[in-house]
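Those protein sequences? They're chains A and B, same order as listed. Straight run, no breaks: the first sequence in UniProt numbering ends on number 208. Straight run, no breaks: the second sequence in UniProt numbering ends on number 208. Input: a single structure, listed below in structure tokens.
Protein chains: 2
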Amino acid sequence: MGDETTTGDHYHHGNLRTALLDSALEVLTESGVAGFSMREAARRAGVSQSAPKHHFGDARGLLGALATRAYRQLCDRLEALELDGHDVRDRVGALAAEYVAFAGQNRALFDLMWRMSQFDYTDPELAEQKHRALRALDRGLRGGDAELPDDDTDPALVPSYAVWSLVHGYTTLALEGAIDSSNPDPLAHDLLPAMLALLNLPAPASHS
Amino acid sequence: MGDETTTGDHYHHGNLRTALLDSALEVLTESGVAGFSMREAARRAGVSQSAPKHHFGDARGLLGALATRAYRQLCDRLEALELDGHDVRDRVGALAAEYVAFAGQNRALFDLMWRMSQFDYTDPELAEQKHRALRALDRGLRGGDAELPDDDTDPALVPSYAVWSLVHGYTTLALEGAIDSSNPDPLAHDLLPAMLALLNLPAPASHS
DNA sequence: GGCCGATCTACTCACTGTCAAGATGTACGG
DNA sequence: CCGTACATCTTGACAGTGAGTAGATCGGCC
């Protein structure tokens with residue numbers, strides 16, 4: 001790790017910032033948000049306890065940067081999906097599956113992402129990435145080439161909000177154990193598509 | 001859980017358990033889950049730092065008891081709603097509104113409720129109350145006198161899961177700021193009903 | 001009265017986040 | 001080549017936390 005701009009990794013680490021983000025992610029994954037320790041993250045990066053201060057300020061800053069990076073990764077994955085030429089339901093289903101998959105593969109990170117307001121962490125980029133997630137969902141709903149309303153309160157966005165709410169709610173409830181998603185019963189596995197099928201989605205604006 | 005038996009609140013507090021729950025709720029409300037302190041809760045109850053140990057074991061036990069009580073309150077409120085004789089959409093709308101209202105009035109508590117798995121807190125009663133919430137929603141969906149399936153994987157429950165997911169997702173997204181619910185725009189205020197209107201809900205089993 | 005168990009306190013420990021000061025390296029202008 | 005400004009990292013300290021252990025205090029019951 002850290003062979004970039006390595007002028008000599010003795011005292012000046014070179015890119016401590018990303019190294020700290022990585023070790024912090026490791027700690028977070030192992031111990032969860034509740035058991036997270038900034039000192040432990042610094043320890044694993046092979047650096048002193050107060051080294052993070054210069055890069056992130058405090059623990060909120062570290063976790064906030066981690067959450068922001070996570071938002072970017074999630075949005076990247078959602079935007080990278082090949083959605084063209086399918087039915088609306090297929091596109092939404094694919095987006096939903098990706099959303100749930102990301103949450104399942106990054107449980108602690110996913111938890112953190114929706115807890116930043118509790119840390120009074122208000123980063124403009126974080127808000128922007130949340131925005132981006134909604135846009136990705138909306139793009140899947142109305143097709144890639146359709147124009148997107150630039151007003152967040154545009155009534156045309158209601159279906160997107162509905163999909164997001166339903167998928168997000170299912171994800172959190174399932175991760176929390178309120179909905180038993182580990183059940184081998186086929187219903188559990190197909191529950192999300194079944195629920196999405198109950199939604200009246202608008203006809204695609206353009207279908208080529 | 002006797003109320004008082006207050007033989008004299010000098011050394012033996014009488015009902016320290018509930019007093020601690022109250023002060024813990026106070027601390028939680030003020031500082032959130034992240035800033036919660038068991039010592040502070042004990043302090044406000046006018047008792048030593050390790051007094052909670054005998055009643056709750058550790059901090060997880062205290063928060064768990066708090067969350068369990070919160071689940072009971074939420075379920076009580078949902079079940080107390082007068083739902084008879086209305087349309088399905090009215091009933092679901094009323095339940096949803098109550099759900100959101102509870103979350104808004106008890107933000108920290110509501111957050112805590114869906115975080116207990118992070119604390120490895122597995123209380124049978126807590127699971128039972130989660131169950132109860134689903135039942136309350138399902139009752140609203142199919143009318144009070146309709147029979148409820150006793151299998152959680154019954155396909156007939158899919159609409160209930162869908163409503164729960166959508167409402168819960170909207171609530172958490174709104175509380176987190178991903179959906180701007182403080183917007184004065186009427187859409188924001190009517191967003192939840194508008195989204196619920198997109199759901200294909202089954203015809204009520206019995207309508208009298 | 002005298003014991004016993006439940007309840008609460010006092011003390012301790014390892015750990016955490018945060019801060020202030022200082023050490024160490026790098027970059028740059030002379 | 002030197003030295004000074006700056007970013008970066010370390011050391012040491014502090015208050016606060018959750019969690020144990022031992023002991024004090026009270027009520028009830030024989």
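A virtual CB, placed ideally from N, CA and C, is assigned to each residue, including glycine.
Check: Which residue comes first and which comes last in the alpha helix (DSSP H) that contains W164/B?
Finding: Element bounds for W164/B: V158 to E176.
Next item on the list: Report yes or no: do the segment 191 to 201 of chain B and the segment 148 to 164 of chain A share at least 3 C-beta pairs separated by less than 8 Å?
Entry: Yes, the segment 191 to 201 of chain B touches the segment 148 to 164 of chain A.
Notebook entry, point to check: Which whole runs of the alpha helix (DSSP H) in the UniProt domain "HTH tetR-type" (14 to 74) of chain A are 4 residues long or more, in chain order?
Noted result: The qualifying runs are 16 to 31, 38 to 44 and 51 to 56.
Note to self: Quick check on L81/A: does DSSP put it in helix, strand or coil?
What the structure shows: In this structure, L81/A counts as coil in the three-state DSSP scheme.
Next item on the list: Report the three-state DSSP secondary structure of L198/A (helix, strand or coil).
Entry: Three-state result, L198/A: coil.
Note to self: So within the segment 83 to 126 of chain B, which uninterrupted alpha helix (DSSP H) runs reach at least 4 residues, ignoring any that extend past its ends?
What the structure shows: As for any alpha helix (DSSP H) of minimum length 4 sitting wholly inside the segment 83 to 126 of chain B, the runs are 88 to 105 and 107 to 113, ordered along the chain.
Notebook entry, point to check: Along chain A, which residues have their Cβ under 7 Å away from the Cβ of D111/B?
Noted result: Q118, listed in chain order.
Next item on the list: Kindly indicate which three-state DSSP category E128/B falls into: helix, strand or coil?
Entry: Annotated three-state conformation of E128/B is helix, per DSSP.
Margin query: Going by beta-carbon coordinates alone, are W164/B and L201/A separated by less than 9 Å?
Written below: No, they are not a contact pair.
Note to self: Within a Cβ cutoff of 8 Å, which residues of the same chain sit near L66/B, ignoring the five residues on either side of it in sequence?
What the structure shows: Hits under 8 Å: L21, A24, L25, L28, L109 and L112.
Checklist line | Beta carbon proximity, M195/A to chain B, threshold 9 Å | finding: M195/A counts as touching chain B.
Checklist line | Interface residues of the segment 96 to 109 of chain B facing chain A [CB-CB below 7 Å] | finding: From the segment 96 to 109 of chain B, no residue has a Cβ closer than 7 Å to chain A.
Check: In terms of alpha-carbon separation, which member of D185/B, E128/B, D150/B and M38/B lies closest to L74/B?
Finding: Just measuring C-alpha positions, the residue of D185/B, E128/B, D150/B and M38/B sitting nearest L74/B is E128/B.
Notebook entry, point to check: If you draw a straight line from the alpha carbon of V88/B to that of H55/A, how long is it in whole angstroms?
Noted result: As the crow flies, the alpha-carbon of V88/B is around 54 Å from that of H55/A.
Margin query: Could you compute how far the alpha carbon of A94/A sits from the alpha carbon of D154/B?
Written below: Each residue's Cα considered, the two are about 25 Å apart.
Margin query: Quick check on the burial criterion: 16 or more other C-beta atoms within 10 angstroms. Buried or exposed for D76/A?
Written below: Exposed, since its Cβ has fewer than 16 Cβ neighbours within 10 Å.
Next item on the list: Pull up the distance between the alpha-carbon of Q49/B and that of A42/B, whole angstroms please.
Entry: Q49/B and A42/B have their alpha carbons spaced roughly 6 Å apart.
Checklist line | Beta-carbon proximity of A19/B to A45/B, cut-off 9 Å | finding: Taking 9 Å as the cut-off, the beta carbon of A19/B is found closer than this to the beta carbon of A45/B.
Notebook entry, point to check: Is there a Cβ from chain A that is less than 9 Å from the Cβ of G2/B?
Noted result: Confidence in G2/B is poor, its pLDDT being 35 and thus under 50, which makes the residue's placement too unreliable to answer from.
Notebook entry, point to check: Mind checking if L28/B is an interface residue toward chain A, Cβ cutoff 9 Å exclusive?
Noted result: Interface with chain A (9 Å Cβ-Cβ cutoff): L28/B is excluded.
Notebook entry, point to check: Leaving out five residues before and five after A133/A in sequence, what residues of the same chain have Cβ atoms less than 8 Å from its Cβ?
Noted result: Answer for A133/A: Y71, L74, C75, L78 and W164, listed in chain order.
Check: At least one CB of chain A closer than 9 Å to the CB of L173/B: is that the case?
Finding: L173/B counts as touching chain A.
Item checked: Proximity to R107/B [Cα-Cα], best of V33/B, Y121/B, D185/B and R39/B -> Each of V33/B, Y121/B, D185/B and R39/B was checked against the Cα of R107/B, and the nearest Cα belongs to V33/B.
Next item on the list: For G169/A, collect the residues of the same chain with a Cβ closer than 7 Å to its Cβ; drop the 5 residues on either side in sequence, then sort them by chain order.
Entry: Within the same chain, no Cβ atom closer than 7 Å to the Cβ of G169/A is found once the five residues on either side in sequence are excluded.
Margin query: Would A136/B pass as an interface residue toward chain A - the criterion being a Cβ-Cβ separation below 9 Å?
Written below: So, not an interface residue.
Next item on the list: Run the CB neighbour count on Q105/B, radius 10 Å, all protein chains shown included, and call it buried at 16 or more, exposed below.
Entry: Counting Cβ neighbours within 10 Å, Q105/B comes out exposed, since fewer than 16 surround it.
Checklist line | Cβ neighbours of D138/B in the same chain (closer than 8 Å, five flanking residues each side left out) | finding: The residues are L148, L157 and S160.
Margin query: Using C-beta distances below 8 Å, list every residue in its chain close to D120/A, excluding the 5 sequence neighbours before and after it, in chain order.
Written below: R60.
Note to self: Counting C-beta neighbours from all protein chains within 10 Å, is the total for G140/B 16 or more, i.e. buried, or is it exposed?
What the structure shows: Under this definition G140/B is a buried residue.
Notebook entry, point to check: For L166/A, which of D150/A, L126/A, V100/A and A136/A has the nearest alpha-carbon?
Noted result: Ranking the options by Cα distance to L166/A, first place goes to V100/A.
Notebook entry, point to check: Do L175/B and S117/A come within 9 Å of each other at the CB atom, strictly closer than that value?
Noted result: Note that the C-beta distance between S117/A and L175/B is below 9 Å.
Item checked: DSSP three-state assignment for L191/A, whether helix, strand or coil -> Residue state for L191/A is assigned as helix, using DSSP reduced to three classes.
Check: Can you list, in chain order, the residues of its chain whose CB lies under 7 Å from that of V47/A, leaving out five sequence neighbours each side?
Finding: Taking C-beta separations shorter than 7 Å and ignoring five residues to either side along the sequence, the partners of V47/A in its chain run H13 and L16, following chain order.
Notebook entry, point to check: A203/A by DSSP, collapsed to three states: which one?
Noted result: For A203/A, the secondary structure class from DSSP, reduced to helix, strand or coil, is coil.
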